[in-house]
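First up is the structure itself, then whatever we jot down about it.
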Amino acid sequence: MPDLAAIAARHTGSPFLAACRGEPHDTVPVWFMRQAGRALAEYREIRARHSFEEVVHTPELAAEVTLQPVRRYGVDAAVLFSDIVTPVQAIGLEVTIEPGIGPVIDRPLRTSEDIGRLRRLDAEEDLRHVLDTVSLLVAELDVPLIGFAGAPFTLASYLIEGGPSRSYTRTKALMFTDELTWHRLLDRLASITLSSLQGQIARGASAVQLFDSWAGALAPQDYERFVLPHSRRVLEELEGMGVPRIHFGVDTGELLGAMAAAGADVVGVDWRTPLDLARQRVPEHVGLQGNLEPAVCLGPFHQVAERARDVLARAGGRPDHVFNLGHGVLPDTDPGILAELVDLVHAEGVVQEPADDR
Ligand code: 1CP
């Protein structure tokens, strides 16, 4: 096992970790969700020779793909190359990542009996290759590594629907017809997610992001009743491990307060909610991450610059802002635009001193 104190010492000057903790630092940190992937020719080149699963399960390849955007863009954090469905694949569910679609599940989980197919995850045993990637990366990286996992709801939505969905009808049907089974399912998924995140932190990940990408499909009262207790268990059980916890979802304008209350240090905001408005929805001690509209990066740089300046202005120079897109990098994005964007955030972002009451 790595010397976690030595890794933490190496990153004492990290603006990303300082911002996650609301501590003083000089430049606004920036990284991009899905910064690794199809926007980069060097990624496509590796994917032309290896399937997604091969890349994820070969530590040298997964580490290389994780490092590519760090080299190209000069971002302040790396994000482990893996997928939210990797842990459930590791316990034997037949999930394939279909190019251009996403995760597709052979036999979706629909009944109380199906839940028996979700056994416990032993991260060191079942995710050894992924954790070996973490070890390779922390030995090599000058910036912190962000580990991640899918939140119970978003994972459940793939496992129940069988693949990506627009309406989540089957997922909601289970929620509203068999609440006991629903909670059993989310409890098992929460345990899997927790074990995966604990494993990544034990190998040296410096922060974690819990992706509840599709939680925005829910009304606040349903989020609070059916989802929040499970995500809270994950985040609260990580609290003692000493790494910042980021909690992100798409279309979650009405859920930001609840997502903070689940035990997040930083809440990720999509592009629909201006950061100054998001600020009013989360407690003072919680930071914000985001939130440039990813599609803006498909246009000319002068427009990207204007919108990035607007994001910085709305963040108000607070020391607890992490610049990001409002969701993942779109595959057609010109990497040159993202590199320029990173330079702009570093050059123009102003960080004020933390207020005394933090
Ligand atoms: O063909 C390919 O090369 C695969 C495309 C791809 C990539 C690059 C998939 C399939 N997953 C990934 C990597 C990935 N996925 C990362 C690591 C890289 C990085 O961020 O730089 C991460 C953090 C994820 C997480 C992930 N997978 C999420 C949460 C983030 C989000 O975008 O909201 C979700 C929802 C998934 C499911 C998934 N996996 C892949 C796709 C195309 C999708 C989305 C499908 C859908 O729209 O439902």
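My numbering puts the first residue of the sequence shown at 2, with every later residue one more than the last. Where a beta carbon is used, it is the ideal one built from N, C-alpha and C, also for glycine. Since the structure is predicted, the reported quantities are computational estimates derived from the model, not experimental observations.
{"Asked": "What beta strand (DSSP E) runs, 3 residues minimum, are completely inside the region 236 to 303?", "Found": "246 to 249, 267 to 269 and 288 to 293"}
{"Asked": "Within the present structure, is the beta-carbon of residue 69 separated from the nearest heavy atom of the ligand 1CP by less than 6 angstroms?", "Found": "no"}
{"Asked": "Report the residue from 4, 127 and 76 whose alpha carbon sits nearest the alpha carbon of residue 344.", "Found": "76"}
{"Asked": "Give me, in chain order, the residues of the same chain whose beta-carbon lies closer than 8 angstroms to that of residue 287; leave out the 5 immediate sequence neighbours on both sides.", "Found": "261, 265, 266, 267, 268 and 321"}
{"Asked": "Would you be able to state if there are at least three C-beta pairs under 8 angstroms between the region 45 to 52 and the region 108 to 119?", "Found": "no"}
{"Asked": "Count the other CB atoms within 10 Å of the CB of residue 56; is the residue buried (16 or more) or exposed (fewer)?", "Found": "buried"}
{"Asked": "For residue 154, which three-state DSSP category applies?", "Found": "helix"}
{"Asked": "Tell me whether the beta-carbon of residue 293 lies closer than 7 angstroms to the beta-carbon of residue 235.", "Found": "no"}
{"Asked": "Quick check: what's the CA-CA separation for residue 21 versus residue 243?", "Found": "12 angstroms"}
{"Asked": "If you check the beta carbons only, do residue 39 and residue 332 fall under 7 angstroms apart?", "Found": "yes"}
{"Asked": "Ends of the alpha helix (DSSP H) at residue 208?", "Found": "Per DSSP, residue 208 belongs to no alpha helix (DSSP H); it is in the beta strand (DSSP E), 208 to 212."}
{"Asked": "Is residue 106 near the ligand FMN, judged by its Cβ being under 6 angstroms from some heavy atom?", "Found": "As for the ligand FMN, it is missing from this structure, which binds only the ligand 1CP."}
{"Asked": "Determine the closest residue to residue 272 out of 211, 346, 298 and 140, with distance taken between C-alpha atoms.", "Found": "298"}
{"Asked": "Is residue 4 a contact residue of the ligand 1CP, with contact defined as CB to any heavy atom under 6 angstroms?", "Found": "no"}
{"Asked": "Give the range of the alpha helix (DSSP H) segment to which residue 82 is assigned.", "Found": "Element bounds for residue 82: n/a, residue is neither H nor E."}
{"Asked": "Rounding to the nearest angstrom, what Cα-Cα distance links residue 190 and residue 90 in this structure?", "Found": "12 angstroms"}
{"Asked": "In the structure shown, what three-state DSSP assignment does residue 323 receive?", "Found": "strand"}
{"Asked": "For residue 103, report the span of its beta strand (DSSP E) as first-last.", "Found": "103 to 106"}
{"Asked": "If you compare alpha carbons, which of 140, 213 and 153 is closest to residue 192?", "Found": "153"}
{"Asked": "Taking residue 127 as the reference, give the member of 92, 140 and 274 with the closest Cα.", "Found": "92"}
{"Asked": "Where does the unbroken beta strand (DSSP E) through residue 1 begin, and where does it stop?", "Found": "Residue numbering for the chain in the displayed model covers 2 to 359; residue 1 lies beyond these limits and cannot be assessed."}
{"Asked": "Cutting at 7 angstroms between CB atoms, please list the residues of its own chain near residue 334, excluding the five before and the five after it.", "Found": "40, 298 and 299"}
{"Asked": "Along the alpha helix (DSSP H) that carries residue 202, what are the first and last residues, could you check?", "Found": "180 to 203"}
{"Asked": "Taking buried to mean at least 16 other C-beta atoms within 10 Å of its own C-beta, is residue 168 buried or exposed?", "Found": "exposed"}
{"Asked": "Could you tell me which residues DSSP puts in a beta bridge with residue 147?", "Found": "80 and 208"}
{"Asked": "According to DSSP, simplified to helix, strand and coil, what is residue 338?", "Found": "helix"}
{"Asked": "By the three-class DSSP mapping on this structure, what secondary structure does residue 134 have?", "Found": "helix"}
{"Asked": "Are the beta-carbon atoms of residue 211 and residue 33 separated by less than 7 angstroms?", "Found": "no"}
{"Asked": "Measuring straight from C-alpha to C-alpha, what distance separates residue 3 and residue 146?", "Found": "14 angstroms"}
{"Asked": "Is the CB-CB distance between residue 231 and residue 130 below 7 angstroms?", "Found": "no"}
{"Asked": "Using DSSP bridges, identify the partner residues of residue 99.", "Found": "103"}
{"Asked": "Consider the C-beta atom of residue 84 and the heavy atoms of the ligand 1CP; say whether any pair is separated by less than 6 angstroms.", "Found": "yes"}
{"Asked": "So, using beta-carbon positions, are residue 276 and residue 315 closer together than 7 angstroms?", "Found": "yes"}
{"Asked": "Just checking my contact of residue 67 with residue 5 at CB under 8 angstroms: how many whole Å lie between their CB atoms?", "Found": "Contact flag wrong, Cβ pair sits at about 19 angstroms."}
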